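Chains as they are written, first to last, in UniProt numbering: chain A, 1 to 223; chain B, 1 to 223. Don't be surprised by glycine CBs; every beta carbon is placed ideally from N, CA and C. Please read all numbers here as calculations on a predicted model, not as lab measurements. A short worksheet on the structure shown next.
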């Protein structure tokens, strides 16, 4: 392993350690010393990679953002209807948020009012939902009597609700809850000819896309 | 005004002041001295009514809980279908959360992981949704092909999402968003004969019930 590879690996490990500490204590109560202790490195080693707590939080947000975009674009590559893509992306985001502490901490940091976050998950997700509903409308796959605005409000509201209730420890942002949500919503939103081909539980692209995105930030390893 | 009435009024004023401080700074960062300064009373006067910060938080939660129950039972008295009652209660809760700082702070304190809260809004709301859907099923007003569990998940998810996004400063927990949500959902959930009589924007009972509940905790007044 070259020096550069070791540096990149250490940086990723520090980002994951920081995410674990940020998730547990929140941005404000986290000290850089907590992160270095948790990562098992000296404060000097941590400082070599990240000059401040804000720089570390920015790096966590950036890593989370990359994972989310990578996952969304993996799903988007498959040639299915826009409504199925939307369903699949919601499932893949739920999987990422469940399994990847960096994604969870990045999204949580983005809600923080103390600093100026670089990732606004809620805004980006809302834009993504809007774009996909525009595409669904262009495809002619939205039922005549539904308003795109109402669908956006409902999809963003419900998914952000599942996310907020996940923090309370409940079983909310799960494949099962999301499947129930889409099972209820899709027959109202999609035109009858499309409906039969839609899978509220997600298509194979969800399962296919996830393994690669889960590895964008490697697990913490001993130094 | 008797001594007892003055005492009650002061207690209500302190609860409102505490709610304002808790909402702004969160439970953990709030000190009793902040509340007494904000209320314009001495720390001794505050201590006469509330022995600790936890007692003050409990009082805010209890007042919020009373307001929410009072509002829900006002709506429940009107002889409309269970689905309309559910729609109306969601609107009245949104109004309360928008207008009453004690309700907002009480609900927020209930999400706090630092102490053991007495109000769990999310749990109580979920129970309320479940009960009303059981009633709707008993009335025969639920469409055959929807699962009550999916409706509960979607209603609780979306409304809790609107609530969590309200904290980010967006226009989410509003009459407009909720009306859009119900406009989308009710045609999927209700049987066709009932649908024509349902008002996604809420019935007159929403407007009728709110003024009385808004006054359960009086505005802060000078001592």
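Asked, Found
"If the cut-off is 8 Å on Cβ atoms, which residues from the segment 117-131 of chain A count as contacting chain B, listed in chain order?", "122"
"Taking only three categories from DSSP, how would you classify residue 173 (chain A)?", "coil"
"Between the segment 185-202 of chain A and chain B, which residues of the former have a C-beta closer than 8 Å to a C-beta of the latter?", "185, 187, 188 and 189"
"Counting only beta-carbon atoms, is residue 161 (chain A) nearer than 8 Å to chain E?", "Absence of chain E from the displayed structure is noted, the protein chains being A and B."
"Any contact between the segment 46-55 of chain B and the segment 27-35 of chain B? By contact I mean 3 or more CB pairs, one from each, below 8 Å.", "yes"
"Comparing alpha-carbon positions, which option in A:157, A:2, A:19 and A:164 lies nearest residue 162 (chain B)?", "A:157"
"Do you know offhand how far residue 160 (chain B)'s Cα is from residue 165 (chain A)'s?", "8 Å"
"Tell me the start and end of each unbroken alpha helix (DSSP H) in the segment 29-93 of chain A that is at least 4 residues and wholly inside, in chain order.", "32-39, 43-49 and 53-76"
"Within the same chain, show all residues whose beta-carbon is closer than 6 Å to that of residue 94 (chain A), passing over the 5 residues directly before and after it, in chain order.", "173 and 178"
"Nearest CA to the CA of residue 43 (chain A): which residue from A:182, A:14 and A:125?", "A:14"
"Give the range of the alpha helix (DSSP H) segment to which residue 101 (chain A) is assigned.", "101-110"
"For the structure I just gave you, are there three or more beta carbon pairs, one from the segment 97-113 of chain A and one from the segment 58-69 of chain A, closer than 8 Å?", "yes"
"Which partner residues does residue 190 (chain B) have in the DSSP bridge list?", "B:142"
"Taking just the CA atoms, how far does residue 17 (chain A) sit from residue 220 (chain A)?", "Summary for residue 220 (chain A): the model assigns pLDDT 37, below 50, so the residue's position carries little reliability; its value from the coordinates is reported in the next sentence. Cα to Cα, residue 220 (chain A) sits roughly 7 Å from residue 17 (chain A)."
"Cα separation between residue 199 (chain B) and residue 192 (chain B)?", "14 Å"
"For a contact meaning CB atoms closer than 8 Å, what does residue 22 (chain A) contact in chain B?", "Result: empty, since nearest Cβ-Cβ is about 15 Å, beyond 8 Å."
"Compare the Cα-Cα distances from residue 83 (chain B) to each of B:24, B:143, B:2 and B:3 and report the closest residue.", "B:143"
"Straight-line CA distance for residue 97 (chain A) to residue 49 (chain B)?", "44 Å"
"Looking at the C-beta of residue 8 (chain B), does it have a partner C-beta in chain A at a distance below 8 Å?", "no"
"Cβ atoms of residue 205 (chain B) and residue 88 (chain B): under 8 Å apart, would you say?", "yes"
"Under 8 Å, Cβ to Cβ, is there at least one residue of chain A near residue 154 (chain B)?", "yes"
"Mapping the DSSP letters down to three states, classify residue 116 (chain B) as helix, strand or coil.", "coil"
"Are the Cβ atoms of residue 184 (chain B) and residue 85 (chain A) separated by less than 8 Å?", "no"
"Does any residue of chain A have a CB that is nearer than 8 Å to the CB of residue 106 (chain B)?", "no"
"Determine the direct distance from the alpha carbon of residue 103 (chain B) to that of residue 26 (chain B), and round the result to whole angstroms.", "14 Å"
"Hey, residue 135 (chain A) and residue 152 (chain A): beta-carbon distance below 8 Å or not?", "no"
"Could you tell me the distance, in whole angstroms, from the CA atom of residue 20 (chain B) to the CA atom of residue 41 (chain B)?", "15 Å"
"Check the Cβ of residue 146 (chain A) against every Cβ in chain B and list those closer than 8 Å, keeping chain order.", "184"
"Going by the beta-carbon positions, is the gap between residue 36 (chain A) and residue 194 (chain A) smaller than 8 Å?", "no"
"Are residue 188 (chain B) and residue 146 (chain B) closer than 8 Å when you measure CB to CB?", "yes"
"Please report how far the alpha carbon of residue 1 (chain A) lies from the alpha carbon of residue 9 (chain A), in whole angstroms.", "10 Å"
"Starting from the Cα of residue 176 (chain A), find the closest Cα among A:150, A:65, A:91 and A:77 and give me that residue.", "A:91"
"In or out: residue 12 (chain B) buried (at least 16 other Cβ within 10 Å) or exposed?", "buried"
"Should residue 7 (chain B) go down as buried or exposed, given a rule of 16 or more other Cβ atoms within 10 Å for buried?", "exposed"
"Can you name the residues of chain A whose CB is closer than 9 Å to the CB of residue 103 (chain B)?", "Near residue 103 (chain B) there are no residues of chain A at all, since even the closest Cβ is about 17 Å away, more than 9 Å."
"Establish whether the CB of residue 90 (chain B) and some CB of chain A are separated by less than 8 Å.", "no"
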